[in-house]
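Each remark here refers to the structure printed beneath this line.
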Amino acid sequence: MNIHTNTVTISVAAAEFGRDMEQGYSTIAALLEEARHRGSQLLVLPEACLGGYLPSLGGGDESEESRQRRLRSLPPALELDGPELKRVIDMAGDMVVTLGFCEKDGDTRYNAAVTLNGDGILGSYRKVHQPLGENLCYDAGDAYEAFDTPVGRMGMQICYDKGFPEAARELALDGAEIITSISAWPTARTATTSNMEDDRWKQRFDIYDRARALENQVIWVAANQAGTFGSLRFVCSAKIVGPGGEILAGTGVEPGLATATVDVEGLLGAARGGGMYNLRDRRPSVYKTITKEPVHA
Numbered sequence: 001m002n003i004h005t006n007t008v009t010i011s012v013a014a015a016e017f018g019r020d021m022e023q024g025y026s027t028i029a030a031l032l033e034e035a036r037h038r039g040s041q042l043l044v045l046p047e048a049c050l051g052g053y054l055p056s057l058g059g060g061d062e063s064e065e066s067r068q069r070r071l072r073s074l075p076p077a078l079e080l081d082g083p084e085l086k087r088v089i090d091m092a093g094d095m096v097v098t099l100g101f102c103e104k105d106g107d108t109r110y111n112a113a114v115t116l117n118g119d120g121i122l123g124s125y126r127k128v129h130q131p132l133g134e135n136l137c138y139d140a141g142d143a144y145e146a147f148d149t150p151v152g153r154m155g156m157q158i159c160y161d162k163g164f165p166e167a168a169r170e171l172a173l174d175g176a177e178i179i180t181s182i183s184a185w186p187t188a189r190t191a192t193t194s195n196m197e198d199d200r201w202k203q204r205f206d207i208y209d210r211a212r213a214l215e216n217q218v219i220w221v222a223a224n225q226a227g228t229f230g231s232l233r234f235v236c237s238a239k240i241v242g243p244g245g246e247i248l249a250g251t252g253v254e255p256g257l258a259t260a261t262v263d264v265e266g267l268l269g270a271a272r273g274g275g276m277y278n279l280r281d282r283r284p285s286v287y288k289t290i291t292k293e294p295v296h297a
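Heads up: the sequence shown begins at 1 in full-length UniProt numbering, then just goes up one per residue.
The following block contains the structure:
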């Protein structure tokens, strides 16, 4: 194992972020202050913190007028080495922080995540799996890579990625012991319910979080947007999940910060040392079709 400290205090947010960048920085500062007050070394913030997410989801044919309206509604595109992320680096100090933003690389946009601290960027990621027309706004990433940080070896995912077991497995096989999954995960678009606890997309969100932690025997940290943006209403439900699939701390369907102190090495050792070590016991030679190109219905 590659654990830098045995015990890590983790805070994860369900918080509202929109197009107002200054308000976003204020929210980040407030969450950093509260995480420090709780003794945290790692703070995980939602997808699209800097500039907000898309105001709606959908795909299919669109008119030129609709296309132009969509392009005008996109979040600001930020360069990885630009002043906007530098501002968060300066705020972070010795805190390790994961957050989402729209990355600009030349003329290309990506739905991206970054993990950083006061020393700079520790790891970056571009969202691979794109739902419901997100490909109209962003290009897709093409890699999952774990990276070392002061709190241990980490990996990152964004939102819809959690629906693909292969994504988390790739990070776990690359040595990630803590996987951060940051989202702007909304309620269901059909068969809606007034009680968010009963929302089927909220329930899927929770199932994915627990399943990905359990099947890879990792610490799973899921952040999410809160409130509403455009036509989207977000399910909150930020949580920290242990390697046995147990929820160690969570916000439920309310905005807030969930915090847990975890003995990463101890928890992973207990989960993987009882005779059922999933990464060890895989049979890759049997999984003959798993890397074939998908067949579209």
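For each residue, glycine too, the CB sits at the ideal point set by N, CA and C.
Tell me the residue span of the beta strand (DSSP E) that contains residue i.
i: residue 23; result: From DSSP, residue 23 is part of no beta strand (DSSP E) but of the alpha helix (DSSP H) over 21-37.
i: residue 112; result: 108-117
i: residue 221; result: 219-225
i: residue 152; result: 152-158
i: residue 103; result: 96-105
i: residue 126; result: 120-126
i: residue 17; result: Per DSSP, residue 17 belongs to no beta strand (DSSP E) and is neither H nor E.
i: residue 288; result: It is not in any beta strand (DSSP E) - residue 288 carries neither H nor E in the DSSP assignment.
Do residue i and residue j have their CB atoms nearer than 9 Å?
i: residue 223; j: residue 238; result: yes
i: residue 220; j: residue 168; result: yes
i: residue 114; j: residue 25; result: no
i: residue 15; j: residue 257; result: yes
i: residue 21; j: residue 57; result: no
i: residue 13; j: residue 45; result: yes
i: residue 197; j: residue 174; result: no
i: residue 180; j: residue 157; result: yes
i: residue 159; j: residue 188; result: no
Candidates the options: which alpha carbon is nearest residue i's?
i: residue 117; options: 42, 84, 104 and 111; result: 42
i: residue 9; options: 242, 272, 255 and 284; result: 242
i: residue 155; options: 289, 86 and 213; result: 213
i: residue 152; options: 262, 275, 270 and 273; result: 262
i: residue 19; options: 281, 272, 72 and 271; result: 72
i: residue 255; options: 236, 244 and 267; result: 236
i: residue 111; options: 27, 135 and 189; result: 135
i: residue 35; options: 265, 293, 123 and 98; result: 98
i: residue 122; options: 108, 109, 104 and 92; result: 92
i: residue 53; options: 227, 6, 293 and 124; result: 227
i: residue 81; options: 231, 106, 142 and 95; result: 106
Got a sec, what are the start and stop residues for the alpha helix (DSSP H) residue i sits in?
i: residue 293; result: Segment: none, residue 293 is in no alpha helix (DSSP H) and carries neither H nor E.
i: residue 86; result: 83-92
i: residue 269; result: 264-272
(message) Check whether the segment 119-139 and the segment 162-180 touch, using three or more Cβ-Cβ pairs below 8 Å as the test.
(response) yes
(request) Give, in chain order, every unbroken run of the beta strand (DSSP E) that is at least 3 residues long and sits entirely within the segment 157-204. (result) 178-183
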